[in-house]
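In what follows, a structure is listed as structure tokens, so that the remarks can point back to it.
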Amino acid sequence: MLEIQKIRENKDFIINRLNEVRKIDLSDTVNKIYKLDEQKRETQQKLDSSQAQLNLLSSQIGGLFKNGKIEEANSLKIQTALIKDQIKQTKEVYSKLESSIDELFCLIPNVPNELVPSGISENDNEIVSSSEINKDDFKSFVPHWDLCQKYNLIDFELGVKISGAGFPVYKGKGARLQRALINFFLNEASEIGYQELLVPHLVNEKSGFGTGQLPDKEGQMYHTEKDNLYLIPTAEVPITNIYRDVMVNINDFPIKHVGYTPCFRREAGSYGKDVRGLNRLHQFDKVEVVQITHPEKSYETLNEMVKYVESLLEKLELPYRKLKLCGGDLGFTSALTFDLEVYSPGQDRWLEVSSVSNFETFQSNRLKLRFKDGKKTKLAHTLNGSALALPRIMASLLEINQDEKGISIPKILIPFTGFDRIEN
RNA sequence: GGAGAGUUGGCAGAGUGGUCGAAUGCGGUGGUCUUGAAAACCAUUGUGCAGCAAUGUACCGGGGGUUCGAAUCCCUCACUCUCCGCCA
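Our numbering numbers the first residue of the first sequence as 11 and each following residue consecutively.
Here it is, written out as structure tokens:
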């Protein structure tokens, strides 16, 4: 959620940025907030002075009672009735204004950073760098779902039986390879100072709101009605919410966490080749890195995180490309996002395996995640990135390392898998 | 699932109708002492909102009520803890 101060000071700038970069017109909403905020402040001044009057009278009455001047006290009491009525009315106006403002605020996404290219859809994303792909090398390569069946690594049908489409069952070396990847990712992150966390997979409503999934993406999360809990769509939610309502010590920056969790997404409305095999699942595994930083350091941190994710892909020897998301494809809560995509030779397409974002104060404003900078209390910056999402890594890895007889495991993973080949 | 207890400032913990935004301790910050550190001592130290400021106002889990006046009384919801039951 944007801060109200930003709208007070830079209303037109915000409208223009959203318009130019995200290609959405929120001028009505922003202007409305601006006006309502003015009204709210006026109302508050009125309310405050009424309260002050009442407080004064009350203490006078108290004094009179103490001195036994009951009659005088009673006559003052009569005066309070009018003020109390006024306060009640003003309060109502005030809280109505407040809730209208809050509602409108939930409609406004983060303001894109100046580096974000303008654009409407994923087609307008900027390709920052890319591995060379020689398609001739992959002419006979088959997609991962064929490999999974051939070598009995992942059973999609079985998942349909016990849960539904999008819930695959990993088997034997398939399951082992998955576990190896998780361990590899966790180890790598730990080694460069991310503290490992194992967090709940169900979260409450407050947490969903804190990181911005609610109310924006309500329909994308699984919800347990009886207990009013949400299955996490990413580890970002529980991990970042650890710092909800927390005053961080400035010396603790940067705060770095890594966590592995399964992720649950309803993915309503997806279909076709997008959901084939491991391309898009309702449940998948992901290792996530989260950082909380001083506002002045957050973009430095973002670059560092992107580089880290790239280093993982390089160690796995997977061809990948780096995208800078355009305004239209940028997440609701993000100010700047880089996506990493790996190449899938069996499908001849790029698959998103990581999204690294700086949310600036958008989340921390909701979370009330702050720190003391000298005497001033300021909002921290939050960032996170997938490092990495497993299924598409698995897809690319199986496809790219295939040969006629089987699949070779990348060198770096062999200590984790305990085998270097998958064959029948 | 049944019974009971609780929720107060960064933390611990007092306060049961009127200078209580809140004692006290710990922690934090500044200082004295010291070659330096520790200890000790002194001072200072909650957050939001409005305001250029002085200041005002709100906040003792959330919401509502009683009262001239509520951390304190009443209702309600949420959460936490303890015991019993069930159980990986």
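Ideal Cβ positions, reconstructed from N, Cα and C, are used throughout, including at glycine.
Please read these numbers as outputs of a predicted model, since none were measured by experiment.
Comparing C-alpha positions only, which one of the options sits nearest to residue i?
i, options, result
"Ile71", "Gln89, Ser59, Gln55", "Gln89"
"Ala83", "Leu92, Lys94, Asp226, Leu67", "Leu67"
"Ser406", "Gln54, Phe151, Glu108", "Phe151"
"Lys325", "Pro420, Lys283, Gln357, Thr343", "Pro420"
"Arg276", "Asn411, Gly176, Ser364", "Gly176"
"Phe115", "Phe75, His154, Thr39", "Thr39"
"Glu433", "Arg32, Ser139, Val138, Tyr161", "Tyr161"
"Glu414", "Asp156, Val31, Asn394", "Asp156"
"Ile249", "Glu206, Cys336, Phe148", "Glu206"
"Arg290", "Asn411, Glu362, Phe372", "Glu362"
"Ser364", "Phe372, Leu377, Pro401, Lys382", "Pro401"
"Leu125", "Ala245, Ser140, Tyr353, Ser344", "Ser344"
"His391", "Leu377, Ser110, Val247, Ala399", "Leu377"
"Glu48", "Glu108, Glu306, Tyr353, Gly282", "Glu108"
"Ile118", "Ser418, Ile25, Lys216", "Ile25"
"Val209", "Ile14, Pro243, Ser280", "Pro243"
"Arg286", "Phe166, Ser140, Glu132", "Phe166"
So what does DSSP say about residue i, is it helix, strand or coil?
i, result
"Met11", "coil"
"Gln357", "coil"
"Pro272", "strand"
"Lys382", "strand"
"Ser59", "helix"
"Arg376", "helix"
"Thr53", "helix"
"Phe148", "helix"
"Lys94", "helix"
"Phe348", "strand"
"Gln205", "strand"
"Gly169", "helix"
"Ala190", "helix"
"Phe369", "strand"
"Lys76", "helix"
"Lys33", "coil"
My guess is that residue i and residue j are in contact by the Cβ rule of under 8 Å, so how many angstroms apart are they, rounded?
i, j, result
"Gly222", "Met231", "Actually they do not touch by this definition, with Cβ atoms about 12 Å apart."
"Ile93", "Gln54", "In fact, because the Cβ distance is near 16 Å, the residues do not count as touching under 8 Å."
"Gly341", "Asp134", "At roughly 15 Å, the Cβ-Cβ gap does not stay under 8 Å, so Gly341 and Asp134 are not in contact."
"Ile34", "Ile17", "That pair is no contact at about 16 Å."
"Glu298", "Asn411", "No, Glu298 and Asn411 are not in contact; Cβ-Cβ is about 25 Å, not under 8 Å."
"Leu350", "Val319", "6 Å"
In the DSSP assignment, find the beta strand (DSSP E) that holds residue i and state where it starts and stops.
i, result
"Leu389", "386–389"
"Ser140", "136–140"
"Gly416", "416–418"
"Glu433", "431–433"
Could you compute how far the alpha carbon of residue i sits from the alpha carbon of residue j?
i, j, result
"His304", "Ile80", "59 Å"
"Phe369", "Val121", "10 Å"
"Gln61", "Tyr204", "50 Å"
"Glu136", "Pro355", "22 Å"
"Gly211", "Val268", "According to the sequence displayed, residue 211 carries His and not Gly. Roughly 15 Å separates the two Cα atoms."
"Leu346", "Met11", "15 Å"
"Gln301", "Asn375", "16 Å"
"Asp284", "Asp358", "13 Å"
"Phe195", "Ala397", "7 Å"
"Lys171", "Leu423", "31 Å"
"Thr427", "Glu198", "16 Å"
"Ser110", "Tyr270", "38 Å"
"Tyr104", "Ile14", "16 Å"
"His292", "Gly174", "9 Å"
"Glu215", "Phe381", "24 Å"
"Leu312", "Ser367", "7 Å"
"Val258", "Tyr309", "19 Å"
"Gly129", "Phe348", "15 Å"
Please list the terminal residues of the continuous alpha helix (DSSP H) segment that includes residue i.
i, result
"Val299", "Taken as a continuous stretch (DSSP letters only), Val299 belongs to no alpha helix (DSSP H), being part of the beta strand (DSSP E) at 293–303."
"Lys181", "Element bounds for Lys181: n/a, residue is neither H nor E."
"Leu241", "That residue, Leu241, is in no alpha helix (DSSP H); its beta strand (DSSP E) goes 239–241."
"Tyr318", "308–325"
"Gly216", "Sequence inspection shows Lys at residue 216; the Gly mentioned does not correspond to that position. Run containing Lys216: 215–220, per the alpha helix (DSSP H) assignment."
"Arg402", "400–410"
"Lys334", "Premise fails: Lys334 lies in the beta strand (DSSP E), 330–334, not in any alpha helix (DSSP H)."
"Gln159", "154–160"
"Pro425", "424–427"
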